[in-house]
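Colleague: Counting in my numbering, the sequence shown runs from 4 upward without gaps.
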Amino acid sequence: MGPDPLDLHHQGAERVIGSYLIETRDGPALYDCGPSSCAERLHSALRQQGLELQDVQHLLLSHIHLDHAGAAGVLVREHPDLQVHVSEVGAPHLVDPSRLEASARRLYGDAFDALWGELAPVPQEAIRVVGTDVLGLECFPSPGHASHHVCYLAGDGTLYAGDAAGVRLQPDRTVLPPTPPPDFDLEAWNNTISEIEKRRPSRLALVHFGVADDPVPHLAELRQRLADWAGRVQAGATEEEFAESARADLAAERADVETYERAMPFWQSYAGLKRYWGRADG
């Protein structure tokens, strides 16, 4: 049996963003924390596990996108002893999130505050740049969704996959690849899938959402869906055509279209694919 996600009920919806408690050699750690708009729900979920935030000494981040790491600074302000583990590339953007926030505000406009809440800086002294071993978990680079993404593999075979293994809203079976700008990279993501497959994880702990106990077919579907989506955009699909085709795929597979689109808006995936092909063509 793998871990159960802490459902952060983003925007009041279930199965959109999750976090995980991991038992490490230095006590319980939190894997990804969601945005600060979900901080109260995170506290509540921890209490349901018999913990307060102060009982958790480590926050392990997959990457710095706001749905995964936006609350980090707020949590450290409340719990100054919390150690935040992040990639070397991601660390400076936690210490000074001004560029990250400016970019996100351009993208989300007036919806930013309701979606993500406060983006507070993480003090430099709280930052721990990840190596190959983090508290007894194997840590390895997993670019593709984001260039600074990392995964963590626990001794029980659970891969804490962030977005590197895609989006699959349990109990739905459909696997989709979130491909947002600015640094989605198709070749890098295919290489990451190979790196995950090489490690033969027993299960995939997904932030969006839940634990997949069938990693082999899951990763095969992710690889195929990446190829399909990239091909659609390369062939000239418009944003509207791309989004409609994604919705049609989900409907045909009897998946929850609305919740998938909450977890990974299709306009963002289109924008990332469009940017990728623009770079590739250039």
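Beta carbons are placed, not taken as given, at the ideal position from N, Cα and C, and that holds for glycine.
#1: Would you mind reading off the limits of the alpha helix (DSSP H) that contains R108?
#2: Within the continuous alpha helix (DSSP H) that includes F143, where are the two ends?
#3: One question on the structure: do P129 and V79 come within less than 7 angstroms of each other, judged by their Cβ atoms?
#4: By the 10 Å Cβ neighbour count, where 16 or more other Cβ atoms means buried, how is P146 classified, buried or exposed?
#5: Report the CB separation of D99 from P124 in whole angstroms; it is logged as a contact under 8 angstroms.
#6: How many Å lie between A208 and P6 at the Cα?
#7: If distances are taken between C-alpha atoms only, which option among P144, R278 and L64 comes closest to L97?
#8: Does the segment 255 to 273 touch the segment 181 to 192, meaning 3 or more C-beta pairs lie closer than 8 angstroms?
#9: G3: buried (16+ other C-beta within 10 angstroms of its C-beta) or exposed?
#10: Measure from the alpha carbon of G169 to the alpha carbon of each residue in H82, E141, S205 and I199, then state which is nearest.
#11: Comparing alpha-carbon positions, which option in L118, G120 and A157 lies nearest T135?
#12: Tell whether a beta-carbon distance below 7 angstroms holds between R250 and V236.
#13: Any contact of the segment 30 to 37 with the segment 7 to 22, i.e. 3+ C-beta pairs under 8 angstroms?
#14: Which of helix, strand or coil does DSSP assign to M4?
#15: Using DSSP's beta-bridge definition, name the partner residues of Q86.
#16: What does the alpha-carbon distance come out to for the pair R171 and I25?
Modeller: Taking the coordinates as given:
#1: Indexing the sequence shown from 1 puts residue 108 at position 105. Element bounds for R108: S101 to Y111.
#2: Along the sequence shown, one-based indexing puts residue 143 at 140. No alpha helix (DSSP H) holds F143; the beta strand (DSSP E) holding it covers L140 to P144.
#3: The residue labelled residue 129 in the question sits at position 126 within the sequence shown. The residue labelled residue 79 in the question sits at position 76 within the sequence shown. In the sequence under discussion, the amino acid at residue 129 is Ala, which differs from the Pro named in the question. Yes, the Cβ-Cβ distance between A129 and V79 is below 7 angstroms.
#4: In the sequence shown, counting from the first residue as 1, residue 146 sits at position 143. Buried, since its Cβ has 16 or more Cβ neighbours within 10 Å.
#5: Working through the sequence shown from its first residue, we reach residue 99 at position 96. Working through the sequence shown from its first residue, we reach residue 124 at position 121. Indeed, because the Cβ distance is near 6 angstroms, the residues count as touching under 8 angstroms.
#6: Residue numbering aside, residue 208 sits at position 205 when the sequence shown is read from its first letter. Residue numbering aside, residue 6 sits at position 3 when the sequence shown is read from its first letter. Cα to Cα, the separation comes out at about 8 angstroms.
#7: Locating residue 97 in the sequence shown gives position 94, where the first residue counts as 1. Closest option to L97, Cα to Cα, is L64.
#8: yes
#9: Shown here, the chain extends from 4 to 285; a query on residue 3 therefore has no answer.
#10: Start at 1 with the first residue of the sequence shown, and residue 169 comes out as number 166. Closest option to G169, Cα to Cα, is I199.
#11: Reading the sequence shown from its first residue, position 132 is the one you call residue 135. Selected option, being the one with the closest Cα: A157.
#12: To locate residue 250, count along the sequence shown from 1; it is residue 247. To locate residue 236, count along the sequence shown from 1; it is residue 233. Not a contact, by the Cβ cut-off of 7 angstroms.
#13: yes
#14: On the sequence shown, position 1 is the one that residue 4 refers to. With a pLDDT of 40 at M4, under the threshold of 50, the modelled position of that residue is not reliable, and the figure given next carries that caveat. M4 falls in the coil class under three-state DSSP.
#15: Here the question's residue 86 lines up with position 83 in the sequence shown. In the DSSP output, where bridge partners are listed per residue, Q86 has H61.
#16: Taking the first residue of the sequence shown as 1, we reach residue 171 at position 168. Taking the first residue of the sequence shown as 1, we reach residue 25 at position 22. The straight-line gap from Cα to Cα measures roughly 21 angstroms.
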